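One structure is given below, encoded as structure tokens.
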Amino acid sequence: MCSGLRFAQKLLRRASSLARQNLERLTGPHVLDSSLKYEEEKVKWYTPEKFYPVRVWEVFDNRYQVVSEANSRQAAREWEVYRHLNSITTSHAGSKCVPMLLDSFNNTTDTGSHICMVHKPLGLRISDFQGLIPGGKLPQDILKFTLKHFLLALEFLHSECHLAHCDLQAKNILMGIDDEDVLTEFEEAEVRDPILCDFGEARIGDGKFTEDIQLFLYRAPEVILQKSWDKKVDIWNLGVLIWDLSQSKHLFDARDANNETTNIMHLAEMIALLGSPPKSFVEGSPIVGDYFDKSRRWIGDNLTGKEKILFLQFMRKMLRWVPEKRMSAFDLLDDPWLNS
């Protein structure tokens, strides 16, 4: 095992120990201030009847006991995607890099019927792991280890499942664990393959879509310009995410003089990085006039040496204006920097 991955093991054990301590605190009396809002209650779209008040250690379906909570606004879509994933018979290596649905059932209460999904237990989020590293920059060997599994997952989703994830971010990548017994001390668990999770925004099909998707700073240019899009939005998203993981800062800021995130600033930063987009690309946008004139002209580090050159070449294979020119996950797996 390389030194970076041994370092990862130590950090994971430290984080797992903290997780166990937090879990133990939940077993005792824990009274919340009723005058304050918590978790989902803080968001604008929250309505009590759409959420079931899950309690840690509660037993569902006479079989499953809750050990922690996971929130999802898009549970119905996610359930549909997991059913689709479970229907696919494959030997693709990437199938081991996404979680499969072990079971699902409806929990009916006075507030309605709630979908419950059962998965294998997973470990630490990459975003939490990144926070344990001084400076927040993933070491190159850990970054490559994570990306190889990430690309295998995307290749499986794109080619075998005909599915776009649409929400790639560090908190949706979780580390696997060797020991799935929740009664075993968490710090005994060993790091395993990273798993790509959270399919609440995923879209099934090889066709074009038009909905607004992705985190603001991770949006592909075709999404910003309200053009139709396909699974190549995941490749753009991955390119931006890699920068965040390797540099501990966002590739794009997209803030104006009033410190507000705007489309025009986001596009301006893309142009500064990539140059002007092809006229043929912006033509299909219904809001092209907001950002380009009639001639379609715009109106408005820890790497060094050869490693830096190879890394930037790798990034440019994903960050391309035209979706068709972005490399596939399959081709990216053979990149010289990733395998160096």
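Each position in the sequence shown, counted from 1, maps to that position plus 9 in this note's numbering. A virtual CB, placed ideally from N, CA and C, is assigned to each residue, including glycine. Quantities reported herein were computed from a predicted structural model and do not represent experimental measurements.
For residue i, collect the residues of the same chain with a Cβ closer than 8 Å to its Cβ; drop the 5 residues on either side in sequence, then sort them by chain order.
| i | result |
| --- | --- |
| C125 | F69, D70, Y73, S113, F114, N115 and N116 |
| R306 | S285 |
| F225 | A263, T270 and H275 |
| I257 | In the sequence as presented, Ile is not what sits at residue 257; that position holds Ser. Once the five neighbours on either side are set aside, the close Cβ partners of S257 are Q139, G144, G145 and K146. |
| L250 | L177, Q178, A179 and Y227 |
| E333 | K241 |
| S44 | none |
| D42 | none |
| E169 | I97, T99, H101, G103 and S104 |
| E67 | Q74 and V75 |
| A350 | For the chain, the structure presents residues 10 to 349; residue 350 sits outside this window and is missing. |
| R86 | F208, G209, E210 and A211 |
| N267 | none |
Are residue i and residue j touching if we call contact CB-CB under 8 Å?
| i | j | result |
| --- | --- | --- |
| L163 | L131 | no |
| A277 | L160 | no |
| R167 | D202 | Reading the sequence as shown, one finds His at residue 167 and not Arg. For H167 and D202, no; Cβs fall outside 8 Å. |
| E231 | D176 | no |
| P287 | W346 | no |
| F165 | V107 | yes |
| V90 | F208 | yes |
| I296 | D302 | no |
| L111 | K129 | yes |
| V75 | R92 | no |
Throw me the rounded Cβ distance for the residue i and residue j pair, which I believe falls under 8 Å.
| i | j | result |
| --- | --- | --- |
| K236 | G293 | 5 Å |
| R212 | A179 | Incorrect: roughly 21 Å between the Cβ atoms, too far for contact. |
| C206 | N181 | 5 Å |
Using C-beta distances below 6 Å, list every residue in its chain close to residue i, excluding the 5 sequence neighbours before and after it, in chain order.
| i | result |
| --- | --- |
| M336 | K326 |
| I244 | M327 and R335 |
| D215 | H171 |
| L260 | V249 and W252 |
| L341 | L160 |
| N272 | I233 |
| V291 | V297, F301 and R305 |
| A84 | I124 |
| E50 | none |
To which residues does DSSP link residue i through a beta bridge?
| i | result |
| --- | --- |
| W5 | In this structure the chain extends from 10 to 349, so residue 5 is not present and cannot be described. |
| Y73 | F69 |
| F114 | C125 |
| A263 | None; A263 has no bridge partner. |
| T270 | R264 |
| A85 | DSSP, once it has assigned bridges, lists no residue as partnering A85. |
| P203 | M184 |
| A173 | R212 |
| W307 | F301 |
| R134 | L183 |
Hey, is residue i close to the ligand MN, as in C-beta under 7 Å from one of its heavy atoms?
| i | result |
| --- | --- |
| F159 | The ligand MN is not part of this structure, which contains no ligands at all. |
Give every residue of the same chain whose Cβ lies closer than 7 Å to the Cβ of residue i, excluding the five residues on either side of it in the sequence, and list them in chain order.
| i | result |
| --- | --- |
| D343 | none |
| L152 | L254 and S255 |
| F323 | D344, W346 and L347 |
| W88 | S113, I124 and M126 |
| I362 | No information on residue 362 is available, as it lies outside the stretch 10 to 349 that the chain covers here. |
| T118 | Y61 |
| L283 | L328 and W330 |
| M109 | L94 and N95 |
>> For the region 134–149 against the region 85–97, do three or more pairs of beta-carbon atoms, one drawn from each stretch, fall closer than 8 Å, so that the two count as touching?
In response: Flag = no, the region 134–149 and the region 85–97 do not touch.
> Do the region 212–223 and the region 99–111 touch if we need at least three Cβ pairs shorter than 8 Å?
Replying inline: Fewer than three beta-carbon pairs drawn from the region 212–223 and the region 99–111 are found closer than 8 Å, and the two stretches are therefore not classed as touching.
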